[in-house]
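Residue numbers for the sequence shown follow the working numbering, beginning at 474 and rising by one.
Using N, Cα and C, we set each Cβ at its ideal position, and we do this for glycine too.
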Amino acid sequence: MKCRIMTAIMLFHGDELLMMERSMTRTLNPGMWAAVGGHVEPEEMSRPRDAILREMFEETGFAPEDIERLTLRYVLLRNKDGELRQQYIYSGDALRRDFVDSDEGTLHWIPRDQVLDRDIPYIFRKTLEHYFAYGPAEHAWLGIASADPVTARPRVDWIPLTDPNY
């Protein structure tokens with residue numbers, strides 16, 4: 474089984490979330506609304522925070538000093554066509570609203586109450602729904618994407634990612 478490791482960020486400015494309307498030329502989720510993020514490079518394998526900082530800068534122009542409270546919120550696991558996908562999802566607060574253009578899509582600040590009205594990839598939608606329902610926690614959450622055994626519809630089960638103190 475191949476593994477793919479990715480990062481994403483829910484970047485807020487006040488009550489708005491920065492979202493990317495993905496270019497129609499993108500292989501993954503063309504035309505859909507998604508988070509800023511991407512693949513972890515080989516030299517970043519043990520440092521997903523470095524990967525999201527790099528991706529964020531490449532796609533938005535935001536440097537680490539432009540962000541407050543950068544925090545790991547979710548680790549998501551998914552078996553996609555025999556490929557294990559592991560995604561680290563952060564949140565942070567932008568200290569400014571301006572950003573640079575990206576060839577990966579068009580960036581927009583979206584009011585929080587309008588975010589879920591968009592065509593969003595399933596995994597990111599489930600993450601946003603959970604975050605909007607529960608807000609920031611003192612711990613990260615682990616999500617396992619699977620098919621519901623009764624309805625066969627996709628679902629994500631969330632559990633707190635905490636130390637069991639053994």
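Secondary-structure assignment with DSSP links I632 through a beta bridge to L615. Inter-residue distance for I525 and R626 is about 30 Å (C-alpha atoms, whole angstroms). Within the DSSP bridge table, the entry for F485 names L490 and D566 as partners. Y607: not part of any beta strand (DSSP E); member of the alpha helix (DSSP H) spanning Y595 to Y607, first to last residue. Straight-line measurement puts the Cα of P515 at about 15 Å from the Cα of Q560. In the DSSP assignment, L545 falls within the beta strand (DSSP E) that extends over I540 to K553. Rounded to whole angstroms, the separation of the alpha carbons of P622 and R546 is 27 Å.
In the pairwise beta carbon analysis, the region 478-489 is classified as touching the region 579-587: at least three pairs are separated by under 8 Å.
Here V509 carries a strand assignment [DSSP, helix/strand/coil]. With contact defined as three or more Cβ pairs closer than 8 Å, the region 563-578 and the region 586-595 are not in contact. Under the 10 Å beta carbon count, L484 is surrounded by 16 or more other beta carbons and is classified as buried.
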